[in-house]
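For reference, the structure discussed in these notes is given below.
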Ligand SMILES: Cc1cc2nc3c(=O)[nH]c(=O)nc-3n(C[C@H](O)[C@H](O)[C@H](O)COP(=O)(O)OP(=O)(O)OC[C@H]3O[C@@H](n4cnc5c(N)ncnc54)[C@H](O)[C@@H]3O)c2cc1C
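Protein chains in written order, with the working numbering: chain A, 27 to 412; chain B, 106 to 462.
Structure representation (structure tokens):
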């Protein structure tokens, strides 16, 4: 057991730090052209798609160096390495794993260059947690599929160029997981209609997406017909909790401590309140547990040992922290805590109040806590399915 | 970066596991009455477990707490009644605080198990602080020391003393002291109250407040490591039961009230395991990280294992409440773990302080 990094890994960390010192000005000094330049520079470094194969423009980096990169980026509060979060997080990896050579050539470089934005069309009005039961229909007609149906909660649909779409090509199946087919569809295809939905924080990031006789070339199918479930599973597995998230959460904890230090309750410093101190300790223990869980799982991967569904552990920790830390900050500061940005009385510019309305993306998106617990109980502990 | 165990450590783990299954199963554990099971102790000594963290210069194997971690975890899985934890703390205390003469004389006997240590640090059971040490130090010791762990089977006692602001550790021949064994919830973690009447310690040396904190942290980490094994045993026992016990035509493990509670146990065990491994590693390799690491691990484990102990009984229904069924043994251990070397409240608040609040 050792937490040291090899000389090469240390050199890599130094390289990342040096790059950040040179190329990441403080937020206030970032001008209009900053983001474009940033994206070009990290791309030139081959840090976008860091672990993807070299032949498609990836960095072919090791898992450990990827962890270092994410950690340093998060420590520095750096912006993302690309504009398409989903493209980088699971569409790209899915195409690399299941795509044809032609698909890889066609889609991967555009994801790496932030030229296209992707969205994910999995959930339907009647099929959320029970995703494998989806009903959006894709019918093979010649060298096209004709798609009819509806998706919902599709994040980024209003501005996405492409959608990774889960459809059903066979309805008469024994297992609902069979007969699912994954298609890559341009969002400007005739027959697609997007209707944004406003969430409780007032944002309109997700949408309903309607498909009416949408024609999709067979060459846009990802993986085999009827085998789309495997593609989905591997995509969701790519959505696992990363070291970068842990770093962000430690940073958030530090902000929370600053808030405690500057807050009085009942006329006395909140930092003297034993209950407050205990909560801070509890948050730190959970975040540290995520960190060391992550390192233990990373070690397993590096040793080539199979990972089961252990990553659900960190996902559940993250879900509860995401809710509890903001909620704690809001409660700590009384009615000032509920003031939104723009209020003269807002705490930290309304940051905590605002983010206390944001947890569903982490907690519900990608599988609810109940579903994560089912996964652990069934896949790891071997309990009967419900 | 490698946060996993080596092949040697994994072999050691298998060895301890085999010992616990073959030589020290729960039937044997249940038969204990607070004394030292001599033959088992000798086997543990022969296998080298007592020598693990003793320096080579003093007849030990010169390994680290992270190696001992494996022994503690597997011992905990089977609720071993052997005082390996107390012996390890004694080895650590002598190695850290005593002069060369004392080390030369005592450490080899600790390694062979010829000397068996009971240990008493705090007199006040709710005060993890130098001020919680009560017994007055001096040329001779007179007074009582409550909460001395593993005293009944010990040849010697290692007792914390205080002279004004100065702390010390005294090694007392168990034969020179009057021991009163005190019944506790967990019979595998026996206590005694030790009375001393002008007893001359066979050795005595100074201890700083930092040393005391360090030893407490080692104890907290050790209790947490044992709790990993014990909690995993509860989870295994209860999951197995949930797969076979049928109610309302289904195995109870199909119901989410049961299965989600078991999933939560898994999440908590995974988490305090990671924290405990890091803390155990820090004892030798990053001592400056130890206080915070130990507090995070112990705090998490103390609360989580307490719930696991309770739900391990509760999820079985009435059978879990019976003396015959093993779930209750783990619940009893969890009660000990809760308070040993500082409870969750103490450690969470300490973590906040160490984190700059
Ligand atoms: C911010 C946000 C962004 C999203 N982005 C996308 C996206 O980009 N693309 C996409 O396809 N989807 C997206 N989703 C949808 C998300 O994946 C689903 O919301 C999620 O899978 C849950 O499905 P549901 O909302 O239909 O809830 P349901 O499945 O109806 O669940 C309702 C409640 O019942 C519980 N429940 C359901 N089944 C069980 C069970 N077997 N046992 C116990 N409890 C159960 C759930 O835990 C939940 O509390 C997003 C969701 C959110 C909130």
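Note that the Cβ used here is the ideal one computed from N, Cα and C, for glycine as well.
Nearest neighbour of residue i, chosen from the options [CA to CA]
i	options	result
residue 436 (chain B)	B:238, B:292, B:198	B:292
residue 360 (chain B)	A:249, A:412, A:372	A:412
residue 255 (chain A)	A:196, A:102, A:320	A:196
residue 178 (chain A)	A:289, A:102, A:152, A:168	A:152
residue 169 (chain A)	A:304, A:272, A:245, A:300	A:245
residue 165 (chain A)	A:312, A:174, A:68, A:158	A:174
residue 217 (chain B)	B:162, B:249, B:257, B:147	B:147
residue 56 (chain A)	A:104, A:33, A:80, A:93	A:104
residue 182 (chain A)	A:158, A:213, A:159, A:157	A:213
residue 117 (chain A)	A:209, A:284, A:329	A:209
residue 172 (chain B)	B:458, B:384, B:416, B:457	B:384
residue 150 (chain A)	A:61, A:325, A:176	A:176
residue 352 (chain A)	A:373, A:390, A:63	A:373
residue 131 (chain B)	B:335, B:260, B:215	B:335
residue 396 (chain A)	A:283, A:155, A:88, A:282	A:155
residue 139 (chain B)	B:106, B:284, B:398, B:276	B:284
residue 225 (chain B)	B:243, B:158, B:394, B:195	B:195
residue 217 (chain A)	A:224, A:71, A:228, A:239	A:239
residue 222 (chain A)	A:185, A:347, A:366	A:185
residue 115 (chain B)	B:142, B:149, B:137, B:174	B:174
residue 90 (chain A)	A:325, A:247, A:394	A:325
residue 373 (chain B)	A:51, A:109, A:282, A:341	A:341
residue 112 (chain A)	A:137, A:399, A:309	A:137
Rounded distance between the beta-carbons of residue j and residue i, thought under 8 Å
i	j	result
residue 371 (chain B)	residue 27 (chain A)	Actually they do not touch by this definition, with Cβ atoms about 22 Å apart.
residue 235 (chain B)	residue 314 (chain B)	5 Å
residue 434 (chain B)	residue 184 (chain B)	6 Å
residue 252 (chain A)	residue 205 (chain A)	5 Å
residue 198 (chain B)	residue 263 (chain B)	6 Å
residue 449 (chain B)	residue 329 (chain B)	Contact flag wrong, Cβ pair sits at about 11 Å.
residue 95 (chain A)	residue 73 (chain A)	6 Å
residue 240 (chain B)	residue 165 (chain B)	The pair is not a contact, with the Cβ atoms about 29 Å apart (cut-off 8 Å).
residue 31 (chain A)	residue 43 (chain A)	So it is not a contact: roughly 13 Å between Cβ atoms.
residue 348 (chain A)	residue 389 (chain A)	6 Å
residue 242 (chain B)	residue 275 (chain B)	7 Å
Exercise. Pairing CB atoms from the region 205 to 224 of chain B with CB atoms from the region 171 to 187 of chain B, are three or more of them under 8 Å?
Worked result: no
Problem set entry | Contact between the region 403 to 412 of chain A and the region 374 to 381 of chain A (3+ Cβ pairs under 8 Å) | no
Exercise. In chain order, which continuous runs of the alpha helix (DSSP H) of length 4 or greater are located wholly inside the region 225 to 265 of chain A?
Worked result: 254 to 263
Problem set entry | Every unbroken alpha helix (DSSP H) inside the region 329 to 359 of chain A [4 residues or more] | 337 to 358
For this session: Note down, one range per segment and in chain order, each beta strand (DSSP E) of at least 3 residues found wholly within the region 119 to 152 of chain A.
Result: 144 to 147
Exercise. Is the region 271 to 282 of chain A in contact with the region 134 to 148 of chain A, if contact means three or more CB pairs nearer than 8 Å?
Worked result: no
Problem set entry | Contiguous beta strand (DSSP E) assignments of at least 3 residues, all confined to the region 154 to 237 of chain A | 163 to 167, 170 to 181, 188 to 194, 206 to 212, 218 to 223
Exercise. Should the region 365 to 372 of chain B be regarded as contacting the region 298 to 308 of chain B, the criterion being three or more beta carbon pairs within less than 8 Å?
Worked result: no
Exercise. Counting pairs of beta carbons, one from the region 342 to 355 of chain B and one from the region 307 to 326 of chain B, are three or more of them closer than 8 Å?
Worked result: no
Exercise. Which full runs of the beta strand (DSSP E) of 3+ residues lie inside the region 233 to 263 of chain B, going along the chain?
Worked result: 246 to 254
For this session: Give a yes or no on contact between the region 386 to 395 of chain B and the region 114 to 123 of chain B, applying the rule of three or more CB pairs nearer than 8 Å.
Result: no
Problem set entry | Touching by the beta-carbon criterion (3+ pairs, under 8 Å), the region 230 to 245 of chain B and the region 204 to 218 of chain B | no
Exercise. For the region 273 to 355 of chain B, which segments carrying the alpha helix (DSSP H) assignment without a break, of at least 4 residues, lie completely within its bounds, in sequence order?
Worked result: 314 to 349
For this session: Could you tell me which uninterrupted alpha helix (DSSP H) segments, each at least 4 residues in length, are contained entirely in the region 71 to 116 of chain A, listed from first to last along the chain?
Result: 89 to 101
Problem set entry | Meets three-Cβ-pair contact criterion under 8 Å: the region 243 to 263 of chain B and the region 187 to 194 of chain B | yes
Exercise. Should the region 440 to 459 of chain B be regarded as contacting the region 282 to 301 of chain B, the criterion being three or more beta carbon pairs within less than 8 Å?
Worked result: yes
Problem set entry | Cβ pair count under 8 Å reaching 3, the region 350 to 359 of chain B against the region 407 to 416 of chain B | no
Exercise. Okay, do the region 283 to 302 of chain A and the region 374 to 384 of chain B touch, 3+ Cβ pairs below 8 Å being the bar?
Worked result: no
Problem set entry | Segment contact, 8 Å Cβ cut-off, at least three pairs: the region 384 to 401 of chain A with the region 314 to 321 of chain A | no
Problem set entry | Those runs of the alpha helix (DSSP H) which lie wholly inside the region 117 to 204 of chain B and span at least 4 residues | 131 to 135, 143 to 151, 170 to 182, 189 to 202
Exercise. What are the start and end residues of each continuous alpha helix (DSSP H) run of 4 or more residues lying completely inside the region 395 to 420 of chain B, in chain order?
Worked result: 395 to 419
Exercise. Below 8 Å, can you find three or more Cβ-Cβ pairs linking the region 129 to 137 of chain A to the region 79 to 90 of chain A?
Worked result: yes
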